[in-house]
Amino acid sequence: MEDVAIRPGMRVRYPRTGTAGTVVRIEEIDGNEFAEVDTTELLYRTDQLVPIEGEIEEPKKVRKSSDISDYERLKEIESSEDMQEKYDQVSGVGAG
């Protein structure tokens, strides 16, 4: 990667995953320098980070429903008599 000194407060990107954020702190572990990135709270080797300019795009959220609504929907499906009847009709592996 680039040979730029990564320091706290810098905006950086980890090219392998596209993760971007601001460096919170620098830490040395076993002779390697690591930077904590605020968006993931993970440590990345500083020699693998690329400084970026401009705004950092927020990751897009794909999930449209909450875990609670998913749980309630699953509970409703599993408790329906129709579904239970279908479970009862299965006999053996791959049968149906």
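Numbering (our numbering), first residue to last: 18 to 113. For each residue, glycine too, the CB sits at the ideal point set by N, CA and C.
For Asp55, the closest alpha carbon among the candidates Gly48, Gly26, Pro68 is that of Gly26. In this chain, the beta strand (DSSP E) harbouring Thr36 covers 36-46.
Glu93 sits in a helix when the DSSP states are folded into three classes. The shortest C-alpha to C-alpha distance from Thr36 to any of Ser86, Thr57, Ile43 is the one to Thr57.
Distances from the CA of Glu70 to each of Phe51, Ala22, Ser86, Arg28 were compared; the closest alpha carbon is that of Arg28. Between the alpha carbons of Glu53 and Arg33 lies a distance of about 16 Å. According to the DSSP assignment, Ala52 belongs to the beta strand (DSSP E) that extends over 49-54. In the DSSP assignment, Leu60 forms a beta bridge with Glu53.
Per the C-alpha coordinates, the member of Ile85, Ala22, Arg42, Glu93 positioned closest to Leu60 is Arg42.
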